[in-house]
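Report on one structure; see the data block that follows.
Numbering (the working numbering), first residue to last: 2 to 170.
As structure tokens, then:
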């Protein structure tokens with residue numbers, strides 16, 4: 002599936018998350034980074050961070066699960082909050098909060114209020130800056146699981162980010 006198609010899927014989901022849950026999701030991972038760098042980073046899936054209450058099993062996770070099932074997705078990995086629909090993979094994580102739930106806010110100490118809000122075709126979503134992405138991928142290399150599974154790809158993204166940041170200075 003082409004990156005443009007993945008972006009259209011994300012925008013559709015973002016519009017629906019805006020309306021149904023009154024949330025502004027964060028597009029992150031390779032698809033989000035592609036929007037800033039304009040490089041083809043070949044994202045495997047669509048990474049979306051939502052408020053912790055939608056991510057927690059004991060809060061509104063069942064609402065998010067029902068929403069995704071109604072959209073035609075199949076839950077493939079409960080632990081990873083990973084859904085599949087044909088060629089489209091969607092991975093959810095928590096953007097905020099503490100209490101045992103790994104979240105972007107805790108993982109790299111980014112104030113989520115500092116992440117810019119974007120609007121595309123009526124979909125509102127957050128998209129990190131180049132500096133915020135650099136912080137995330139640099140910290141990811143310190144995580145042994147991530148380093149073992151995606152370390153080379155993460156280092157390539159770090160190199161691209163550093164190059165892009167030097168061009169903008």
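Just so it is clear, CB atoms sit at the ideal spot from N, CA and C, and this is done for glycine as well.
Have a look at 115, 107 and 126 and flag the residue whose alpha-carbon is nearest the alpha-carbon of residue 140. Residue mapping note: residue 140 aligns to position 139 of the chain shown, counting from 1. It is 107 whose Cα lies nearest to the Cα of residue 140.
Under 7 Å: does the beta carbon of residue 126 sit that close to some heavy atom of the ligand GDP? The ligand GDP is absent from the structure shown, which contains no ligands of any kind.
Count the other CB atoms, across all protein chains shown, that sit within 10 Å of the CB of residue 82; report buried if there are 16 or more and exposed otherwise. Translated into the one-based positions of the chain shown, residue 82 becomes position 81. Classification for residue 82: buried.
Applying the 10 Å Cβ sphere with the 16-neighbour rule, what's the burial state of residue 94? The residue you call residue 94 lines up with position 93 of the chain shown. Burial is judged here by how many other beta carbons sit within 10 angstroms of a residue's own beta carbon; residue 94 has at least 16 and is buried.
CA-CA distance, residue 84 and residue 165? Numbered from 1 along the chain shown, position 83 holds the residue referred to as residue 84. Numbered from 1 along the chain shown, position 164 holds the residue referred to as residue 165. One C-alpha to the other measures close to 32 Å.
Give a yes or no on whether the C-beta atoms belonging to residue 36 and residue 128 are separated by under 8 Å. The sequence position of residue 36 within the chain shown is 35, counting from 1. The sequence position of residue 128 within the chain shown is 127, counting from 1. Yes.
Can you tell me whether DSSP reads residue 80 as helix, strand or coil? Within the chain shown, residue 80 is the residue found at index 79, counting from 1. For residue 80, the three-state secondary structure derived from DSSP is coil.
Same chain, Cβ closer than 6 Å to residue 146, five either side skipped, listed in chain order: The residue given as residue 146 occupies position 145 in the chain shown. Low local confidence applies: a pLDDT of 49 at residue 146 is under 50, so the model's placement there is unreliable, with the coordinate-based value given in what follows. Answer for residue 146: no residue qualifies.
So, at 6 Å on beta carbons, what are the nonlocal neighbours of residue 137 in its own chain, with the 5 sequence-adjacent residues on each side left out? The residue labelled residue 137 in the question sits at position 136 within the chain shown. Counting only Cβ-Cβ distances below 6 Å, and skipping sequence neighbours, we find 109.
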